[in-house]
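Asker: Handing you a structure now.
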Amino acid sequence: MNGQLDFVHLHVHSAYSLKQSCLSLKDAIETAQSLHMTALALTDKNTLYGAVSFCRLAKSAGITPLIGVDFDVLSEEASESAGRQGNSPLDSLVLLAKGFAGYSSLVKLVTLAHSRSRRPYVQWSEIAQHSRSLIALVGGRGSSIARAFSEADRHKGEQLLQRASEMFPPGELYVQLHDHGLPEERRALPGLIAAARQLGLPLVASNEVYYARREDAAVQKVLAQVDADGLLLPVNHFHLASSEEMAEKFQNLPEAIANTRVIADAAAFEWPKPQLFLPRYPLPPGESAQETLRRVAYVGAKKRYPLWTAEVEERLRYELDVIDRLGFADYFLVVADFIRYAHRQGISTGPGRGSAAGSLVAYALSITDVDPLQYGLLFERFLNPERVSWPDIDIDFEFERRGEVIQYVLERYGDTRVAQIGTFGTFAARAAIRDVGRVLGSDKKLVDTLARLIPSHPGVTLNEALENVTQLRQMEEENLEAKKILAYARRLEGLPRHVSIHAAGVIISPVSLQDWIPVVPGASGMPVTMYPMEDVEALGFLKMDFLGLKTLSLMDMTRQSVAQRIGQPLPEWQQIADGDEATYRMLTRGETSGCFQLESYGVRKVLRDVKPTCLEDLIAVISLYRPGPMENIAEFVAAKHGRQSIRYPHPDLEPILKDTYGVIVYQEQIMQIASRMAGFTLGQADILRRAVSKKKREVLDAERERFVTGCQRRGYSAETANTVYDLIVRFADYGFNRSHAAAYALLAYRTAYLRAHYPADFFAALMTLAAGTPDKITEYTRDAKKLGIQLLPPSVSASGAAFSAESDRSIRTGLLSIRGVGRAAVMEILRAREEAPFTSLVDFLRRVSSRACNRKAVESLATAGAMEAFLPSAKLSEQALSQILDHAYLEAEAGGEQARLFNSDHTFSAHATASGPATLFIRYRAGDDSRTLLAAVRSALLEKPGSTPVALVETSTRKARLLPARYTVKVDPDLIAELETIVGLGNVKLQQRSETARH
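Each residue of the sequence shown is one higher than the last, beginning at 753 in my numbering.
Take a look at the structure:
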């Protein structure tokens, strides 16, 4: 292609300019290819979200990637507060990276931009500070420079251009020329070009891109209207224009076209040589990571194995040597560090997850809690010395306290080196239909019908739905509006919609992330990467999963409940044997609600068939109950119970397959078979397992030859070798990670142990965790009743916030389970009850703050039966309850205010009646003459009929009762004087009623 037509797009927004562009990275690359373009820039608005993926896709397509950002810039003249409030116009500036140094400058600027609270932007002073190795494009659509020239303010335009030119070295600032057919652009071009030439600044032609083809403008318009903050474009020319189209637009400025190639050559981007950024542990002075790891591993191992054996010594030394050779000592120390912190803080961790449970070093450091020697777990399944791969230790933490550990890591290793991993929420099929229908103003019933026809399982696409749902396909064919909705929805589906945080992923870097990964502020000051997990790992950073597991919360809550109920803590798990007969009898009956990994109907059936008697059986059940391996369950059960003889592919494999009755269940068994028969090292055997599982014909044939040759070398026949290899191929897909299964089987056993021995405490914890899911509460209540455990109703006198075990045969319903009663109300009730038990409804209302526990909450408590002890009947009508509460609130108010009302020398003031609804309180002391006294009071009251209610307050009990409505009076000084002659001076007071009493 000749120089004139060798145009490169330098201002391209992808769908990662959220709610602005509908251009996917894939479409951008494919369109550029179809236009025979050899280079392409990505310049998303204030972000680098797509940078890593874009480079990867461009390289694979033979296109040179350019990385840039289209920044919003707050001018120095505008105040910071104006920028935060979003009411100041922002300037626009495109910056392109010249090599990795320029990329690092972009990372710093993008991170700065997103540190703002309301909207991302940078300031010119910050750009000047981080302008190293950047090429700047100024003067494009939306910039203050273009606006000045468009408004014929040449002086201002020249000033702004001059300022920009002083910020960048010569040759690294270009004046960007746009012509999307907008009048304001064409008004600006003559002055802009003249000023650029006057200042000696090079020109560059650009088309601001938001979609691939011109016809996609309608899709972008729909996308922009999905949310209120979308970008509506004024014309339909923001596409990836061809070189010919751009050359025609700027035919009088060929240098502006040619300069796109000059910039592309200068900004062609290459990542540095791949490297692995493993975290570094803060080491003691004078000690290497290898020495520290070796020292602490031996200390931990000797605690785990008081009876030291040659097997332990040999395995520990071997693992440490491999870890040292691969350079992973720091990694193990860092993981052990935050595990140790969790344990010091009383935060439970799981026994292990994944292949890490096969490591004796991990067991010695208390990273895992499964003995790899006892359960025959292989280190090579975790770290293969013959195929270098990253270590991957995922940790389960108690669900509610996982954040504490992440916060510790942030403080320990620094907020410039630690970040949670970001991710993107995308337009799903059903949501895309609803969004498009709303934007188009389509008939709501039609939109709802289309959306409901999309299958509900996660990840379903519109194409899959149209292929599998006949009615949906018919509607697309027969209804034009439906066809239109589905067409637009298909284009939006899969585009990123919002930024989120990976459920577990955290990176701990040995270097500052500020050079490598842009971050945005997250909760509690924790930075969040702009890149998703795949891109973070592609840059060489190791993801560590901090997972929250509710099962650990369940176990902790159960153990705490038991300890509180019986007055002493349960033994540590390491002291509880994994062969408890009562636990296995319960599992054999299939009574597993709440037991980790064992709750489903299918697993319960397998347990009843298998009749487990040891942890080995649970490991097998967890491994077999999956699609594929399930077909071997019948053979496993028949062999275990002697209904079928155990068959081994070869007698030499009996030690490997004995525990699974001749059935290949685990990936580790495949590795052991290859080692035993073909003489492979366990590392080579793991490579074989991985290769065979891919099912590629050429790989299968090559590995067969290696395996058969190895077997023959060790004296096995070719026929036997081929038979065993066929078994390996068959089970390679089905084999389960035994290390993972062993760790999860141990967790399953521990939950089952608690259920078998402390069912009331276990189910109370289970119901608490299931709050908000009535179906689960019903199921657990039913299962508890089968065990003779009674579920007691809520009670303000006995309930805690959550479900609790009152005895080994009863569970008290928690107050938080009552609809309409919030946490603040419950906490206030518990606070008041801690001071003294409630003696009556009035006592409750007097001592529990009505601000935290209002009347509506009290009504909910009463309706739920939580106040049954204080009410005349368990079943009261709404009207009866309301009347009782009216009187109770009045009495509570009277009792609470007696001291202020009566223990003073103040006399009655007629002004009290002017301040609003009030009650006349009459204090008396019960005695032999009280009946006569009260009769005289009533007689006096009847002489002054009116609207003020009257309450009698008995001084010894401090109880108040409201007299019937016929005793309401008109209050005046004469009435007060007459009543005081009966009950004594100072014992009659008019007091305003509080809002609580009235409402």
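Using N, Cα and C, we set each Cβ at its ideal position, and we do this for glycine too.
Do you know whose CA, among F1348, G1467, E1343 and T1365, lies nearest L1356's CA?
Answerer: In the sequence as presented, Leu is not what sits at residue 1356; that position holds Arg. Checked all of F1348, G1467, E1343 and T1365; the closest Cα to R1356 is E1343.
Asker: Is the CB-CB distance between A1523 and T1335 below 9 Å?
Answerer: No, Cβ-Cβ distance for A1523 and T1335 is not below 9 Å.
Asker: Which class does Q1042 belong to by DSSP, given the choice of helix, strand or coil?
Answerer: Residue state, collapsed to three classes: helix.
Asker: Using CA atoms only, rank isn't needed, just tell me which of A940, P921 and M919 is closest to L929.
Answerer: Checked all of A940, P921 and M919; the closest Cα to L929 is A940.
Asker: Within a Cβ cutoff of 6 Å, which residues of the same chain sit near I1422, ignoring the five residues on either side of it in sequence?
Answerer: Closer than 6 Å at Cβ, skipping near neighbours: R1441, I1480 and G1487.
Asker: How would you call C807, buried or exposed, if buried means at least 16 neighbouring beta carbons within 10 angstroms?
Answerer: Classification of C807: buried, given that the 10 Å Cβ count is 16 or more.
Asker: Among I1563, A1553 and V1548, which one has its Cα closest to the Cα of D1535?
Answerer: Among I1563, A1553 and V1548, the Cα nearest to that of D1535 is on I1563.
Asker: Please classify M1429: does DSSP put it in a helix, a strand, or coil?
Answerer: It is helical.
Asker: On the DSSP bridge list, what partners appear for D1295?
Answerer: A small correction: the amino acid at residue 1295 is Lys; Asp does not occupy that position in the sequence shown. Per DSSP, I1259.
Asker: In whole angstroms, what is the alpha-carbon distance linking M1307 and R1341?
Answerer: Taking the straight line from one Cα to the other gives about 22 Å.
Asker: When the Cα of A1181 is compared with those of Y1240, T1175 and D1144, which residue comes out closest?
Answerer: A1181 has its Cα closest to that of Y1240, out of Y1240, T1175 and D1144.
Asker: Rounded to the nearest angstrom, what separates P817 and A1184 at their Cα positions?
Answerer: Using only the alpha carbons, I get a separation of about 31 Å.
Asker: Are L777 and S805 closer than 9 Å when you measure CB to CB?
Answerer: Yes, the pair counts as a contact, with Cβ atoms nearer than the cut-off.
Asker: Can you tell me whether A964 is buried or exposed? The criterion is at least 16 other CB atoms within 10 Å of its CB, across all chains shown.
Answerer: Burial call: buried.
Asker: Is F1654 helix, strand or coil by DSSP?
Answerer: Confidence at F1654 is low in this model, with a pLDDT of 45, below 50, so its placement is unreliable and no value can be given for it.
Asker: Among L800, Q911 and G814, which one has its Cα closest to the Cα of H866?
Answerer: When each option's Cα is compared against that of H866, the closest is L800.
Asker: Using the DSSP secondary-structure output, state which residues sit across from F1176 in a beta bridge.
Answerer: BP columns for F1176 point to V1251.
Asker: How many angstroms separate the CA atom of E1368 from the CA atom of I1328?
Answerer: Roughly 16 Å separates the two Cα atoms.
Asker: Using the three-state DSSP reduction, which class does Y1160 fall into: helix, strand or coil?
Answerer: Helix, per DSSP.
Asker: Alpha carbon to alpha carbon, how far is A957 from E937? Give it in angstroms, no decimals.
Answerer: Each residue's Cα considered, the two are about 13 Å apart.
Asker: Threshold first: 4 residues or longer. Then list the alpha helix (DSSP H) segments lying entirely within the stretch 1490-1552, N to C.
Answerer: Runs found: 1490-1509, 1511-1521 and 1526-1538.
Asker: So the alpha helix (DSSP H) P1273 belongs to, where does it begin and stop?
Answerer: Note, P1273: premise wrong, no alpha helix (DSSP H); beta strand (DSSP E) at V1271 to P1273.
Asker: Return the CA-CA distance between A1386 and V1188, expressed in angstroms with no decimal places.
Answerer: Taking the straight line from one Cα to the other gives about 51 Å.
Asker: Just curious, the beta strand (DSSP E) that V1279 is in, first and last residue?
Answerer: The question names Val, yet the displayed sequence has Pro at residue 1279. Counting along the chain, the beta strand (DSSP E) containing P1279 begins and ends at P1279 to T1281.
Asker: Quick check on this structure: which residue in S1491, T1222, E1580 and K1537 has the alpha carbon closest to the alpha carbon of S1817?
Answerer: For residue 1817 there is no data in the structure shown, the boundaries of the chain being 753 and 1751.
Asker: Given this structure, state the Cα-to-Cα distance separating L1135 from L1072, to the nearest angstrom.
Answerer: Their backbone Cα atoms lie some 11 Å apart in a straight line.
Asker: Going by DSSP in three states, Y768 sits in which element: helix, strand or coil?
Answerer: Residue state, collapsed to three classes: coil.
Asker: Please report how far the alpha carbon of H991 lies from the alpha carbon of T1012, in whole angstroms.
Answerer: For H991 and T1012, the distance between alpha carbons rounds to 17 Å.
Asker: When the Cα atoms are used, what is the spatial distance from T1533 to A1500?
Answerer: In a straight line, the C-alpha of T1533 is about 21 Å away from that of A1500.
Asker: Select from A1554, G814 and S773 the residue whose C-alpha is nearest the C-alpha of V978.
Answerer: When only C-alpha atoms are compared, the closest one is S773.
Asker: The alpha helix (DSSP H) with F852 in it runs from where to where?
Answerer: F852 -> alpha helix (DSSP H) spans G851 to A865.
Asker: Who are D1478's beta bridge partners in DSSP?
Answerer: Its beta-bridge partners do not exist; DSSP assigns none.
Asker: Compute the distance between the beta-carbons of D1485 and K1448, then report whether it is under 9 Å.
Answerer: For D1485 and K1448, no; Cβs fall outside 9 Å.
Asker: Tell me where the beta strand (DSSP E) around Y926 begins and ends.
Answerer: First-last of the beta strand (DSSP E) with Y926: L925 to L929.
Asker: Considering Cα atoms alone, identify which of D1144, A1454 and L1376 is closest to Y1413.
Answerer: Checked all of D1144, A1454 and L1376; the closest Cα to Y1413 is L1376.
Asker: Going by alpha carbons, who is nearest to F1293 out of L1304, T1281, N1004 and M1338?
Answerer: For the residues L1304, T1281, N1004 and M1338, the minimum Cα distance to F1293 belongs to T1281.
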